[in-house]
Each structure stands twice: as C-alpha cells, then as structure tokens.
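Notes to accompany the following structure.
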Amino acid sequence: MATENKRDIKKARRDFLVYLIILILIPICAFTRSWIKQLNIGRRLLAQEATSYNPQPTSDLIGNVGISLPESARDVYEYGYGLNAVYTMVRFTIDAEDLDEIIESSICEEPLVQVPPENYAGGLDDTDWWLPEKATILMQCDGFTENFWQSILVDMSNPQEFIIYATSSFG
C-alpha cells in the first residue's frame, strides 16, 4: 500500500511538472510564432517599399526627406518607417551638374565634406540599393531644426552622375 502511494505521488508530481512545462511553453511558442511572423512581415514590407521607380515629386517618402528632386533624378529608391518619429531613406541618381539644386533645397548647415565610405556600411542590410560604403568618393552634409534631422551623402565616384543617399527623421 505504501509503495502504491509513493508511485501515485511520483506520478502526480510527474504529471504536474508536465502540465506546468506545457503551460509555460505555450505562451513562449505563441510569442515566438508572433515575433517570427512580424519579422517576415517587416521583410516583405521592406521588399515592397524599397522598390525602384521613376521619380514622382508627390511621393510622401521623398517629401519626408525634405529635398526636391531635379529633373535628372532616376533610379529612385525609398524606404520609411516609424510611428511617433518617422525615419526616411531615399536613394537616387542625378546628373553631376544638378548637385547644387539638391544641396540648395536641403537644410545642410555646412558645405559637403568628404567622409570615409566604410563608416556607412550596413545601413539597410536586406537591400541591394543602399550602398554608400561602395563609393570611392563620398561627401556628406547634415542639417537640424527643432524637430527635423537630415543627412545627405553624395557618391561622387562617377564624375558624370552622382548617387544621392538622403535620410531624415522627424517627430
């Protein structure tokens, strides 16, 4: 009889531990599944938003960066995210002679200065269009207001055309 009670107690303890582990694992699995699902949604959104298209001056994301696109703008890519603070990244190619138009429409406080391209590696790891680190000559200027920050990188590797990488954050 005592042996049966010990077996019953051991079985009850084992069953209790199994149920406890199951109760702990269910929320962990649900959270992990939700997190993976959100990660995949984010990657799909990145793939959808970071697309090349012909420039359209009415684009909200390009407007968020706070610069005007010259007529020569082409190969335009854009990406943005945020709720309270909006962060925007835009990349496009222009004819070299249109650079002044970009800088004049910006809020850059200082003239362009040369910066080491390797400092800008990994801006958007999942893209093949945000690559300022590939530049052989990279220039930068920044501007700030009370609620707005803007940074412009110019890849001057090709003297005929420049690649502009513009970022901004506001909110």
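The opening residue of the sequence shown carries number 22 in our numbering; numbering runs sequentially from there. Using N, Cα and C, we set each Cβ at its ideal position, and we do this for glycine too.
Would DSSP call residue i helix, strand or coil?
i	result
ASP149	coil
LEU41	helix
GLU92	coil
Just to confirm the assignment, what range does the beta strand (DSSP E) spanning residue i have?
i	result
ILE173	169 to 176
ILE184	182 to 191
GLY164	159 to 165
Could you name the residues of the same chain whose beta carbon sits closer than 8 Å to that of residue i, not counting the 5 residues immediately before and after it, in chain order?
i	result
CYS129	CYS162, ASP163, GLY164, GLN171, ILE173
Compare the beta carbon distance of residue i and residue j with 8 Å and say whether it is the shorter of the two.
i	j	result
MET100	SER190	Here residue 100 turns out to be Tyr, not Met, going by the sequence shown. Not a contact, by the Cβ cut-off of 8 Å.
ILE115	PRO91	yes
ILE123	LEU133	no
MET160	GLN181	no
TYR186	PRO153	yes
SER178	THR157	yes
Which residues in the same chain as residue i place their Cβ atom closer than 6 Å to its Cβ, once the five residues preceding and following it in sequence are excluded?
i	result
THR24	none
Once you ignore the five residues that flank residue i on each side, which residues in its own chain have a CB closer than 7 Å to its CB?
i	result
SER93	ILE115, ASP116, ASP119
Quick one: complete alpha helix (DSSP H) runs, 4+ long, within the region 103 to 137?
Those alpha helix (DSSP H) runs which fall completely within the region 103 to 137 and span 4+ residues are 120 to 126.
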